[in-house]
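First the structure, in the form of structure tokens, and then the observations on it.
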Amino acid sequence: LQTASPDVLAALQDTFGFSGFRGVQEHVVARVLNGQSTSAVMPTGAGKSLTYQLPAVMLRGTCVVISPLIALMHDQLRSATANGIRAATLTSADTDRMATIDAFRAGELDLLYIAPERASQPHFRELLSSAPVSLFAIDEAHCVSEWGHDFRPDYRLLRPLLDAFPDVPRLALTATADRHTRADILAQLGIPEDGLIVAGFDRPNIRYAIRPRDNALRQLKGILEENPGPGIIYAPTRAKVEQLAASLGATGRRVLPYHAGLDSAVRARNQAAFVASEDMVMVATVAFGMGIDKPDVRFVAHAGIPKSIEGYYQETGRAGRDGDPAAAIMLWGADDFARARQRVGEVEEHRRASERQRLDALAALVETAQCRRAILLRHFGEDPPETCGNCDNCLEPAEVTDATELARKLLSA
Ligand code: ADP
Ligand code: MG
Numbered sequence: 002l003q004t005a006s007p008d009v010l011a012a013l014q015d016t017f018g019f020s021g022f023r024g025v026q027e028h029v030v031a032r033v034l035n036g037q038s039t040s041a042v043m044p045t046g047a048g049k050s051l052t053y054q055l056p057a058v059m060l061r062g063t064c065v066v067i068s069p070l071i072a073l074m075h076d077q078l079r080s081a082t083a084n085g086i087r088a089a090t091l092t093s094a095d096t097d098r099m100a101t102i103d104a105f106r107a108g109e110l111d112l113l114y115i116a117p118e119r120a121s122q123p124h125f126r127e128l129l130s131s132a133p134v135s136l137f138a139i140d141e142a143h144c145v146s147e148w149g150h151d152f153r154p155d156y157r158l159l160r161p162l163l164d165a166f167p168d169v170p171r172l173a174l175t176a177t178a179d180r181h182t183r184a185d186i187l188a189q190l191g192i193p194e195d196g197l198i199v200a201g202f203d204r205p206n207i208r209y210a211i212r213p214r215d216n217a218l219r220q221l222k223g224i225l226e227e228n229p230g231p232g233i234i235y236a237p238t239r240a241k242v243e244q245l246a247a248s249l250g251a252t253g254r255r256v257l258p259y260h261a262g263l264d265s266a267v268r269a270r271n272q273a274a275f276v277a278s279e280d281m282v283m284v285a286t287v288a289f290g291m292g293i294d295k296p297d298v299r300f301v302a303h304a305g306i307p308k309s310i311e312g313y314y315q316e317t318g319r320a321g322r323d324g325d326p327a328a329a330i331m332l333w334g335a336d337d338f339a340r341a342r343q344r345v346g347e348v349e350e351h352r353r354a355s356e357r358q359r360l361d362a363l364a365a366l367v368e369t370a371q372c373r374r375a376i377l378l379r380h381f382g383e384d385p386p387e388t389c390g391n392c393d394n395c396l397e398p399a400e401v402t403d404a405t406e407l408a409r410k411l412l413s414a
């Protein structure tokens, strides 16, 4: 593994105010600064943005960032600008595109965000020939792969652009870890195999527990009592969100709802209140959480099963970003699985097999008497130790035998 030199650490401190790197960040940054093309697979929240933003500040010229969504670009633009980084976006939503192009040509930008369909146009390639480019960062790089669930044909058009600038290193970033997608990213974007860096997916400070649901409201009240810090409760429907928020709010704890059916002003207000709070509970659908930066979430509870192991990992991963102990508790019922299986039967036929596999993998996680973390990590291609000592099955192995029997009966029904 490559390590960063003292001037890199100084730049990290000066630009972001961070005293050190996290995990593989250092290795990725060191490679990029060496001009080596790299593909980094790092879980959500691991700090992928920094791996191109820091080199963007340090290298002469502009780092061109390919990003799939205007909303994502504008989020990134805001946080980069807040750190004093000279950044701009080039999208249909920007009215100052001429000024951006002038600044780019003049070498006055550290970062330029652009969508793949615009980046792959001949116009943009010409522009790049007349501007100093330090790095290509391809964010959400799994979009280049048909194996991934977010395939974006526009990402396939990037290769000729990248190849037109062979001296500019490429950095592909994604949180999607399965082997097919990884291999595809390297092949499609022309990154050497030894340029692949996969970060650990383990979140050792999260304590996983998965319990059969008997009385959801009573169980959730118990969870709130045991967890006084800020937390998120995921519920499957908007109606369920409203209902649980009202019932749990009646206990005296500050509880707010969040789902896509709420007015956007209400959503924004509830989200801001949650981010600022030290004890609030947000009852939400999966619409809540993406792009929310709250490191001290102390627990994430699921009132019903998530859609998949990926969804479970992503949602529970919002707990304990600060590294302090946090809890992830899922309450499940046989009716959740029955409904999910019914839904699988209703999807288009060519997707049915993979949807069924997703659900089976989730059922195996719920059903297991073995270490939950081991199942999760193996799912993401990691080779974990047999036991973690920080999940319900490792901490209370005796009781689990019965629960598993029960689970097996219910699941096979
Ligand atoms: P990702 O894109 O991998 O999901 P982000 O780049 O959005 O993650 O980073 C997630 C959070 O981690 C941000 O709030 C970021 O400021 C923070 N972060 C990143 N690197 C570090 C670091 N070295 N030290 C402390 N915080 C960091
Ligand atoms: Mg990101």
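Whatever position you read off the sequence shown (first residue = 1), add 1 for full-length UniProt numbering. Ideal Cβ placement from N, Cα and C applies to all residues, glycine included.
Looking only at C-alpha atoms, which of the options sits nearest to residue i?
i      : options                           : result
Trp333 : Ala210, Pro167 and Gly230         : Ala210
Pro56  : Cys372, Arg171, Leu110 and Val30  : Val30
His260 : Ile234, Val276, Glu279 and Leu249 : Ile234
Tyr156 : Ala274, Glu347 and Ser68          : Ser68
Ala5   : Met59, Thr182 and Arg379          : Met59
Pro44  : Gly24, Asn35, Tyr53 and Arg98     : Gly24
Gly250 : Arg268, Leu221, Val276 and Gln272 : Leu221
Ala94  : Arg239, Gln272 and Leu70          : Leu70
Leu128 : Gln54, Ser146 and Ala107          : Ala107
Ala302 : Phe166, Ala327, Gly36 and Pro154  : Ala327
Arg344 : Glu356, Asp15 and Ala335          : Glu356
Asp297 : Thr39, Phe17 and Gly46            : Gly46
Arg255 : Asp264, Leu263 and Ser278         : Ser278
Val284 : Leu225, Ile310, Arg374 and Asp215 : Leu225
His181 : Phe381, Gly321, Ile139 and Gly196 : Phe381
Cys372 : Ile198, Pro385 and Ala104         : Pro385
Phe338 : Ala362, Glu350, Arg322 and Leu136 : Ala362
Phe22  : Pro229, Thr238, Ala88 and Ala200  : Ala200
Arg61  : Leu78, Val169 and Ser40           : Val169
Pro205 : Glu387, Arg374 and Ser309         : Arg374
What's the call for residue i, buried or exposed, on a 16-neighbour Cβ count within 10 Å?
i           : result
Asp185      : buried
Asp325      : exposed
residue 415 : Here the chain comprises residues numbered 2 to 414, so residue 415 is not present and cannot be evaluated.
Arg353      : exposed
Glu397      : exposed
Ala240      : exposed
Glu316      : buried
Val267      : exposed
residue 1   : For residue 1 there is no data in the structure shown, the boundaries of the chain being 2 and 414.
His143      : buried
Val348      : exposed
Can you check DSSP and say which residues form a bridge with residue i?
i      : result
Leu91  : Ile115
Arg208 : Ala328
Leu197 : Ser40
Cys392 : Tyr209
Trp333 : Pro213
Please go through the same chain and pick out, in chain order, the residues whose beta-carbon is closer than 6 Å to the beta-carbon of residue i, but skip the five residues on each side of it.
i      : result
Met74  : Ser68, Thr90 and Tyr114
Val401 : With a pLDDT of only 49 at Val401, under the threshold of 50, the placement of this residue in the model should not be trusted, and no figure is reported.
Arg208 : Ala328 and Asn391
Note the first and the last residue of the continuous beta strand (DSSP E) segment covering residue i.
i      : result
Leu174 : Arg171 to Thr175
Thr39  : Thr39 to Val42
Leu158 : Looking at the DSSP string, Leu158 is not in any beta strand (DSSP E), and its letter there is neither H nor E.
Val284 : Val282 to Ala285
Ser135 : Val134 to Ile139
Ala302 : Phe300 to His303
Pro56  : Counting along the chain, Pro56 falls outside any beta strand (DSSP E), though it belongs to the alpha helix (DSSP H) covering Lys49 to Met59.
Val242 : No beta strand (DSSP E) contains Val242, which is instead part of the alpha helix (DSSP H) from Arg239 to Gly250.
Among residues of its own chain, excluding the 5 on either side of residue i, which ones have a beta-carbon nearer than 8 Å to its beta-carbon?
i      : result
Arg212 : Gln220, Ile330, Met331, Leu332, Trp333, Asp393 and Ala404
Gln189 : Val145, Ser146, Tyr156, Arg157 and Arg160
Gly191 : Ser38, Arg160, Leu163, Asp164 and Arg171
Gln3   : Glu27, His28, Ala31, Arg32 and Asn35
Thr16  : Gln54, Leu55, Val58, Asn84, Gly85 and Ile86
Ala12  : Leu55, Val58 and Met59
Thr63  : Ala57, Phe105, Gly108, Leu110, Asp111, Leu112, Leu113, Ala132, Pro133, Val134 and Ser135
Leaving out five residues before and five after residue i in sequence, what residues of the same chain have Cβ atoms less than 7 Å from its Cβ?
i      : result
Ala274 : Leu257 and Met281
Glu243 : Pro258
Gln14  : Ser20
Ala217 : Ala304 and Leu332
Phe202 : Pro44, Ala178, Leu378, Phe381 and Glu383
Over what stretch of residues does the alpha helix (DSSP H) that includes residue i continue unbroken?
i      : result
Thr369 : It is not in any alpha helix (DSSP H) - Thr369 carries neither H nor E in the DSSP assignment.
Phe125 : Pro123 to Ser130
Gly232 : Element bounds for Gly232: not the alpha helix (DSSP H) but the beta strand (DSSP E), Gly232 to Tyr235.
Leu225 : Ala217 to Glu227
Ile186 : Arg180 to Leu190
Pro7   : Pro7 to Phe17
Ile86  : Note, Ile86: premise wrong, no alpha helix (DSSP H); not H, not E.
At a Cβ threshold of 8 Å, is residue i touching chain D?
i      : result
Cys395 : This model lacks chain D altogether; it includes just one protein chain.
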